[in-house]
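Chains as they are written, first to last, in my numbering: chain A, 1 to 261; chain B, 1 to 141. Ideal Cβ positions, reconstructed from N, Cα and C, are used throughout, including at glycine. The structure displayed is predicted, hence computed values, not measured ones. One structure is given below, encoded as structure tokens.
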């Protein structure tokens with residue numbers, strides 16, 4: 001009886017080893033599955049490699065440019081949010097390979113109100129700007145992508161100049177206008193110059209300058225010369241330069257020219 | 001001496017080990033095969049999206065659609081698509097109404113393996129409009 005028990009014990013030891021090896025295999029398998037699933041579910045921070053993300057970023061830029069062009073030409077400030085909502089709806093409904101979730105946040109600070117900042121001052125500087133932040137989540141069966149980016153569209157002009165008295169109330173005016181987009185030199189599509197009839201802003205009586213000789217230096221700097229005639233010889237020379245850049249964004253700046261000679 | 005007499009159990013353990021190695025290696029191969037298959041399917045649509053995004057970097061595509069200049073649109077796409085690929089472009093508005101009244105393609109399709117990408121193309125003009133440009137690509141056999 002004792003001999004039989006020893007033999008069966010010897011046979012069972014192999015089975016125990018097999019069961020142990022199976023348990024080890026199951027542990028290994030579960031580890032592999034766990035690692036694979038974790039990798040799949042973890043978000044990939046990538047906003048350049050995926051062509052869909054590049055397209056979204058580009059579309060967002062174009063949407064903001066369009067809205068700023070509209071607002072700077074007298075459109076309502078709400079146009080930005082309306083256009084962004086349309087864009088968001090379009091990209092989420094036309095994403096075939098992934099489920100997209102887009103969060104759009106127009107900037108609200110001391111200068112930006114609902115994503116736009118229009119400052120057309122009298123100190124020789126004018127700014128038309130829009131700033132919107134985007135968060136994009138793309139859920140794909142193979143991976144989850146996440147991207148954060150901001151779109152800043154800014155057109156700025158800086159105007160300065162001087163004038164010389166001619167005979168009577170006529171004045172020879174020379175202006176320098178610098179156009180920039182986000183701090184980089186930019187070209188203007190159209191520049192129009194106005195001057196104040198009596199040099200006073202109350203009431204505003206702007207006269208469009210005729211026969212303006214413009215020199216385009218090709219680096220965003222424009223030199224403009226024209227002859228103006230104010231009501232009185234002693235009237236100061238107030239000018240207003242209206243600029244539309246190549247993207248169609250309008251910006252204006254007023255300046256007071258200094259008398260020379 | 002005792003180990004030599006107990007060879008049967010060890011062989012079973014070795015068999016189980018080889019079986020588990022075989023099982024694991026086959027499981028490791030499955031995702032690689034799936035990944036390769038997936039890549040070959042999405043290359044053309046990714047290329048289509050890249051082509052349209054690069055053409056529209058300055059709002060060029062939207063301006064062509066704004067002016068309904070389908071001939072220029074066809075030429076632009078043709079200049080970016082290799083000669084070995086067939087293409088067909090369809091332009092929709094935001095309500096998915098087809099806008100192009102003439103076909104914008106490089107001939108008739110010669111392959112059943114057609115891939116497409118939809119590019120959402122917002123206009124940069126002050127009168128905002130959203131277009132959806134669908135570019136279909138297929139390899140010429």
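Near-chain A residues of the stretch 119-139 of chain B (beta-carbon distance less than 8 Å), N- to C-terminal order
119, 120, 121, 122, 123, 124, 125, 126, 127, 128, 130 and 132
When you compare each of 102/A, 116/A and 101/A to residue 108/A by their alpha carbons, which one comes out closest?
As a position in the first chain, residue 108/A is number 108, starting the count at 1. The shortest C-alpha separation from residue 108/A is found at 116/A.
What are the partner residues of residue 195/A, as DSSP defines its beta bridges?
Sequence index remark: in the first chain, residue 195/A carries index 195 (1-based). Answer is 207/A and 239/A, bridged to residue 195/A.
Take residue 238/A and list the residues in its own chain whose beta-carbon comes closer than 6 Å to its own, dropping the five residues that flank it on each side.
Numbered from its first residue, the first chain carries residue 238/A at position 238. Its chain contains 196, 199 and 256 as the residues whose beta carbon lies nearer than 6 Å to that of residue 238/A, once the 5 sequence neighbours on both sides are disregarded; these appear in chain order.
Quick check on DSSP: helix, strand or coil for residue 56/A?
For the purposes of this step, residue 56/A is taken as the residue at position 56 of the first chain. Residue 56/A: helix per DSSP, three-state reduction.
Whole runs of the beta strand (DSSP E) within the stretch 115-146 of chain A, excluding any shorter than 3 residues:
116-120 and 125-139
Bridge-paired residues (DSSP) for residue 222/A:
As a first step, residue 222/A must be located in the first chain, where it is residue number 222. 177/A and 216/A, per the DSSP bridge assignment.
Cβ-based contacts, 7 Å cut-off: residues of the stretch 229-255 of chain A near chain B
247 and 248
Proximal residues to residue 154/A (C-beta, below 7 Å), its chain only, five neighbours per side dropped:
Residue 154/A sits at position 154 when you count from the first residue of the first chain. Excluding positions up to five away in sequence, the list reads 127, 129, 181 and 182.
For residue 252/A, the first and last residue of its enclosing beta strand (DSSP E):
Counting from one through the first chain, the residue named residue 252/A turns up at place 252. Its beta strand (DSSP E) spans residues 250-256.
Just to make sure I have the definition right: I need the residues of chain A whose C-beta is within less than 8 Å of the C-beta of residue 24/B. Which are they?
Here the question's residue 24/B lines up with position 24 in the second chain. Within 8 Å Cβ-Cβ: 25, 28, 29 and 32.
Going by DSSP in three states, residue 58/B sits in which element: helix, strand or coil?
As a working note, residue 58/B is residue 58 in the second chain. In this structure, residue 58/B counts as coil in the three-state DSSP scheme.
Nearest CA to the CA of residue 113/B: which residue from 131/B, 87/B and 72/B?
Taking the second chain and counting its residues from 1, the one referred to as residue 113/B is at position 113. For residue 113/B, the nearest C-alpha among the options comes from 87/B.
In chain A, which residues lie less than 8 Å from residue 74/B when you measure between Cβ atoms?
On the second chain, position 74 is the one that residue 74/B refers to. Result: empty, since nearest Cβ-Cβ is about 21 Å, beyond 8 Å.
Chain A within 8 Å of residue 94/B, Cβ atoms only:
In the second chain, counting from the first residue as 1, residue 94/B sits at position 94. Yes, residue 94/B lies at the interface with chain A (some Cβ there is under 8 Å from its Cβ).
Comparing alpha-carbon positions, which option in 16/A, 134/A and 97/A lies nearest residue 57/A?
Counted from its first residue, the first chain places residue 57/A at position 57. Closest option to residue 57/A, Cα to Cα, is 134/A.
Please tell me whether residue 144/A has its Cβ less than 8 Å away from any Cβ of chain B.
Taking the first residue of the first chain as 1, we reach residue 144/A at position 144. Against chain B, the CB of residue 144/A has no partner CB under 8 Å away; the residue lies outside that interface.
Any Cβ of chain B within less than 8 Å of the Cβ of residue 106/A?
In the first chain, counting from the first residue as 1, residue 106/A sits at position 106. Output row for residue 106/A: interface = no.
Name, going along the chain, the residues of the stretch 61-90 of chain B whose beta-carbon falls closer than 9 Å to a beta-carbon of chain A.
62
I'd like to know if residue 56/B contacts chain A, where contact means its C-beta is closer than 8 Å to some C-beta of that chain.
Position 56 of the second chain holds residue 56/B. Cβ-Cβ to chain A under 8 Å: yes for residue 56/B.
Check whether chain B comes within 8 Å of residue 220/A, counting only Cβ atoms and requiring the distance to be less than that.
Counted from its first residue, the first chain places residue 220/A at position 220. Closer than 8 Å: no.
Contact test: residue 48/B Cβ vs the ligand PLP heavy atom, cutoff 7 Å:
No copy of the ligand PLP appears in this structure; indeed no ligand is present at all.
Can you have a look at residue 143/B and say buried or exposed, based on whether 16 or more other CB atoms are within 10 angstroms of its CB?
Only positions 1 to 141 of chain B appear in the structure, and residue 143/B is not among them; the question remains open.
In three-state terms, what does DSSP make of residue 48/A?
The sequence position of residue 48/A within the first chain is 48, counting from 1. Only weak support is given to the placement of residue 48/A: the predicted model assigns it a pLDDT of 48, under 50, and the value that follows is read from those uncertain coordinates. If DSSP states are grouped into helix, strand and coil, residue 48/A belongs with coil.
Residues in the stretch 86-97 of chain A with C-beta within 7 Å of chain B's C-beta atoms, listed in sequence order?
86, 87, 90, 91, 94 and 96
Nearest to residue 187/A (by Cα), restricted to the options 245/A, 80/A and 63/A:
Here the question's residue 187/A lines up with position 187 in the first chain. Checking every option, the nearest Cα to that of residue 187/A belongs to 245/A.
Within this structure, are the beta carbons of residue 221/A and residue 176/A separated by less than 8 Å?
Locating residue 221/A in the first chain gives position 221, counting from the first residue. Locating residue 176/A in the first chain gives position 176, counting from the first residue. Yes, the pair counts as a contact, with Cβ atoms nearer than the cut-off.
Would you tell me roughly how many angstroms separate the C-alpha atoms of residue 251/A and residue 134/B, rounded to the nearest one?
Position 251 of the first chain, counted from the first residue, corresponds to residue 251/A. Position 134 of the second chain, counted from the first residue, corresponds to residue 134/B. Each residue's alpha carbon lies about 36 Å from the other.
Strictly under 8 Å for the Cβ-Cβ distance: is residue 109/B near chain A by that measure?
Taking the first residue of the second chain as position 1, residue 109/B is located at position 109. So, not an interface residue.
Residue 92/B by DSSP, collapsed to three states: which one?
Walking along the second chain from the start, residue 92/B turns up at place 92. Three-state DSSP puts residue 92/B in a strand.
Taking 8 Å as the threshold (beta carbon to beta carbon), is residue 50/B in contact with chain A?
Here residue 50/B refers to the residue found at position 50 of the second chain. Yes - at least one Cβ of chain A is within 8 Å of the one on residue 50/B.
Would you verify that the beta carbon of residue 40/A is, or is not, closer than 8 Å to some beta carbon of chain B?
Within the first chain, residue 40/A is the residue found at index 40, counting from 1. For residue 40/A, the answer is no, since every Cβ of chain B falls outside 8 Å of its Cβ.
With 16 as the cutoff for other CB atoms within 10 Å, does residue 88/A come out buried or exposed?
For the purposes of this step, residue 88/A is identified with residue 88 of the first chain, where counting begins at 1. Looking at its Cβ environment, which holds 16 or more other Cβ atoms inside 10 Å, residue 88/A is buried.
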